[in-house]
Amino acid sequence: MNKDPDRPAYNSPLRTRQKAQTSELIMEAVGATLAEGGLSAVTILAVARAAQVTDRTVYRHYSTRDEMIAAFLRWHLQRSGGEEINAPKTLDTYMATVRRVFAAWQADEAVVRSLYLSPEGREFRKSTTQERITIVRELVDAELPELSKTEREGLADAMGALAVSETFVLLRDVRGLDAAQAGAALTAAVDLMLSGARQKAAALRAGKA
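The sequence shown begins at 56 in the numbering used here and counts up by one.
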């Protein structure tokens, strides 16, 4: 029997749901493998064993180890609430998610330390970090055009530097702060930075009026 070329392909809701569930299982297995053995322990075979699926199943979802790790970074950030940090809508909401993200990182600290802080992990994060800083720069440019380019870029870069795992770990290790304390300290600092920047921009606007 020939298929009707004009008939749209049928996508089984059950199959789609099963695929999503398997992908979630694989991501959880990546996290468990990271926490136990670090990034070097993460292989397709090791993750398949942890997820109790075949390596062929993992390959159906992720064709390479790098693709799987990149997918895990996106999945982990989204689960931590970091998606809002990577794609903020306003400057005021940018750091509003830090407390929630830091709390999630503290609960998953072994994964954060083994993946986010490793040289390989930093390489995986480079593109998303750059995208985030670019978005923050655009927000600063739109809200505070009166400031000089150097001032706008400095503000955006500082905000980007504060909302990273390195800052979280530094405050944990050096200052002994827990997630709530670290999040409160950083959001307070960003509020002061924005307040000062807005006051200067307002003064410049008033001077031109």
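By construction, the Cβ of each residue, glycine as well, lies at the ideal position given by its N, Cα and C atoms.
None of these values were measured; they are calculated from a predicted model.
{"Check": "Less than 8 Å between the C-beta atoms of A248 and L202, yes or no?", "Outcome": "Inspection of the sequence shows that residue 248 is occupied by Met rather than by Ala. Not closer than 8 Å, so no."}
{"Check": "With a cut-off of 8 Å on the beta carbons, I'd call M214 and Y149 a contact; round off their distance for me.", "Outcome": "6 Å"}
{"Check": "Indicate whether V167 and W160 have their beta-carbon atoms separated by less than 8 Å.", "Outcome": "yes"}
{"Check": "Keeping to the same chain, check which residues put their C-beta closer than 7 Å to that of A96; ignore five residues upstream and five downstream.", "Outcome": "T88"}
{"Check": "Report the rounded CA-to-CA distance for E83 versus E178, giving the unit in angstroms.", "Outcome": "21 Å"}
{"Check": "Within 10 angstroms of the Cβ of G231, are there 16 or more other Cβ atoms? Answer buried if so, exposed if not.", "Outcome": "exposed"}
{"Check": "Note the first and the last residue of the continuous alpha helix (DSSP H) segment covering K144.", "Outcome": "Counting along the chain, K144 falls outside any alpha helix (DSSP H), and DSSP gives it neither H nor E."}
{"Check": "Between R129 and E175, what straight-line distance do the alpha-carbon atoms span, to the nearest angstrom?", "Outcome": "15 Å"}
{"Check": "Would you call the segment 245-261 and the segment 185-203 touching, i.e. three or more CB-CB distances under 8 Å?", "Outcome": "yes"}
{"Check": "Could you tell me which of A216, K181, R180, Y171 sits nearest to V191, measuring between CA atoms?", "Outcome": "A216"}
{"Check": "Would DSSP call L247 helix, strand or coil?", "Outcome": "helix"}
{"Check": "Identify whether G262 lies in helix, strand or coil by the three-state DSSP scheme.", "Outcome": "helix"}
{"Check": "R115 and I99 look like a contact to me (Cβ under 8 Å); what is the Cβ gap, rounded to whole Å?", "Outcome": "With 8 Å as the limit, R115 and I99 do not qualify as a contact, their Cβ atoms being about 11 Å apart."}
{"Check": "Taking the beta carbon of S135 as the centre, do at least 16 other beta carbons fall within 10 Å, making it buried, or is it exposed?", "Outcome": "buried"}
{"Check": "According to DSSP, is T98 part of a helix, a strand, or is it coil?", "Outcome": "coil"}
{"Check": "With DSSP collapsed to three states, give me the class of A159.", "Outcome": "helix"}
{"Check": "State the DSSP-derived secondary structure class of D233, mapped to helix, strand or coil.", "Outcome": "coil"}
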